[in-house]
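In this note's numbering, the protein residues as written are 831 to 1081.
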């Protein structure tokens, strides 16, 4: 990975910076409504939790269960394509994000597109994790999308087994540097087309042709807001990574 150059991001056209509340970008209602729940503590405190006998051990041998194998997956792509949303939708812990407010200094440099309502940007990385089963746990690292943070990609890619390249079908040119990076690095990746507003600007076949990716690269449509949709996309990444690892072991 030391020899892989960081992605050379294209200069975005000059234009006003629009916003990024999830509400406006995805057509959701900005209000969250009143908080519904108990006004006070329950009348009696519940009993303390006590694990069942034999918990944490193998039922057949009584030995402690082996911890799940950690697998590092990158969630990459251009600026404002939905990487932070993807990590947050699937993570079983509160995701670590490094979102900062965009300023007027970024006008003409960080351009999320005319449709976007983006007001914040990832300045370092996003982090989350999800347990697939008792034997496998995914650790997700979301990369920054701006040119000036491209130097971090080499470090974030160390030890990764695969990547999900998130794409906005209305701004395909923003994902070229990410695809080039993983092709040069030889890291298995899957292109996930984020369906903004529930639809795509182009058909998947047209997107594959425009990105000039071979048939060996999986191309899937998913919704970065939906946990099950993100899960399915990550399972494709995991399947491709395991297939590469199996072939390398046989070689």
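Even glycine gets a Cβ: it sits at the ideal position worked out from N, Cα and C.
Taking its Cβ as the centre, do 16 or more other Cβ atoms sit within 10 Å of residue 963, making it buried, or is it exposed? Your numbering for residue 963 matches position 133 in the chain shown. So residue 963 counts as exposed.
Determine, using beta-carbon pairs with one atom in the stretch 983 to 1003 and one in the stretch 911 to 929, whether at least three such pairs fall under 8 Å. yes
Does residue 1040 pass the burial test, meaning 16 or more other C-beta atoms within 10 Å, or should it be called exposed? Indexing the chain shown from 1 puts residue 1040 at position 210. Answer is exposed; the Cβ neighbour count stays below 16.
Which one of 992, 1028, 984 has the shortest CA to CA distance from residue 1074? Locating residue 1074 in the chain shown gives position 244, where the first residue counts as 1. It is 992 whose Cα lies nearest to the Cα of residue 1074.
Might you give, ordered along the chain, the residues of its own chain that have their beta carbon closer than 6 Å to the beta carbon of residue 1057, omitting 5 neighbours on each side? Within the chain shown, numbered from 1, the residue matching residue 1057 stands at position 227. Hits under 6 Å: 919, 920.
Quick check: residue 990 and residue 903, are their CB atoms within less than 8 Å of each other? Sequence index remark: in the chain shown, residue 990 carries index 160 (1-based). Sequence index remark: in the chain shown, residue 903 carries index 73 (1-based). Yes, the pair counts as a contact, with Cβ atoms nearer than the cut-off.
Considering only residues of the same chain and omitting the five flanking positions on each side of residue 961, which have a CB-CB separation below 7 Å? Position 131 of the chain shown, counted from the start, is the residue given in the question as residue 961. Contacts found: 898, 922, 967.
Is the beta carbon of residue 917 less than 8 Å from the beta carbon of residue 901? As a working note, residue 917 is residue 87 in the chain shown. As a working note, residue 901 is residue 71 in the chain shown. No.
Between the Cα of residue 1016 and the Cα atoms of 1049, 1026, 988, which residue gives the shortest distance? In the chain shown, the residue the question calls residue 1016 occupies position 186. Taking only the C-alpha atoms, the option nearest residue 1016 is 988.
Residue 1020 beta carbon less than 8 Å from that of residue 1030: Translated into positions along the chain shown, residue 1030 becomes position 200. Translated into positions along the chain shown, residue 1020 becomes position 190. For residue 1030 and residue 1020, no; Cβs fall outside 8 Å.
Secondary structure, alpha helix (DSSP H): runs of 4+ residues fully inside the stretch 974 to 1057: 983 to 987, 1006 to 1015, 1034 to 1041
Where residue 910 falls: helix, strand or coil (DSSP): As a position in the chain shown, residue 910 is number 80, starting the count at 1. Coil, per DSSP.
Helix, strand or coil for residue 920? Go by DSSP, reduced to three states. Taking the first residue of the chain shown as 1, we reach residue 920 at position 90. Of the three classes helix, strand and coil, the one that applies to residue 920 here is helix, per DSSP.
Short of 7 Å in beta carbon distance, which residues of its chain neighbour residue 959, apart from the five on each side in sequence? Order them along the chain. Translated into positions along the chain shown, residue 959 becomes position 129. Here the set comprises 921, 922, 923, 967, 968, 969, 970.
Measuring CB to CB, does residue 908 end up less than 8 Å from residue 1008? Locating residue 908 in the chain shown gives position 78, counting from the first residue. Locating residue 1008 in the chain shown gives position 178, counting from the first residue. Yes, the pair counts as a contact, with Cβ atoms nearer than the cut-off.
Return the bridge partner residues of residue 961 from the DSSP annotation. Taking the chain shown and counting its residues from 1, the one referred to as residue 961 is at position 131. Beta-bridge pairing links residue 961 to 967.
Compare the beta carbon distance of residue 983 and residue 1011 with 8 Å and say whether it is the shorter of the two. On the chain shown, position 153 is the one that residue 983 refers to. On the chain shown, position 181 is the one that residue 1011 refers to. Going by C-beta atoms, residue 983 is nearer than 8 Å to residue 1011.
For residue 974 and residue 925, what's the separation of their Cα atoms in angstroms? Within the chain shown, residue 974 is the residue found at index 144, counting from 1. Within the chain shown, residue 925 is the residue found at index 95, counting from 1. The straight-line gap from Cα to Cα measures roughly 15 Å.
Between residue 1050 and residue 1066, which are expected to be in contact by the criterion C-beta below 8 Å, what is the C-beta distance as a whole number of angstroms? The sequence position of residue 1050 within the chain shown is 220, counting from 1. The sequence position of residue 1066 within the chain shown is 236, counting from 1. With a Cβ gap of about 6 Å, residue 1050 and residue 1066 count as contacting.
Would you say the beta carbon of residue 1027 is closer than 7 Å to some non-hydrogen atom of the ligand GTP? The ligand GTP is absent from the structure shown, which contains no ligand whatsoever.
Straight-line Cα distance separating residue 994 from residue 1037: Within the chain shown, numbered from 1, the residue matching residue 1037 stands at position 207. Within the chain shown, numbered from 1, the residue matching residue 994 stands at position 164. Distance between the alpha carbons of residue 1037 and residue 994 is about 16 Å.
Distance check for residue 1013 and residue 1070, CA to CA, integer angstroms please. Here residue 1070 refers to the residue found at position 240 of the chain shown. Here residue 1013 refers to the residue found at position 183 of the chain shown. The alpha-carbon atoms of residue 1070 and residue 1013 are separated by roughly 14 Å.
Length of the line joining the Cα atoms of residue 1047 and residue 893: Against the chain shown, residue 1047 aligns to sequence position 217. Against the chain shown, residue 893 aligns to sequence position 63. Approximately 41 Å, taken between the alpha carbons.
What's the C-alpha gap between residue 1087 and residue 1053? An answer regarding residue 1087 cannot be provided, because it is not within the stretch 831 to 1081 covered by the chain.
Tell me, please, which residues DSSP counts as bridged to residue 900. Here residue 900 refers to the residue found at position 70 of the chain shown. Residue 900 pairs with 967.
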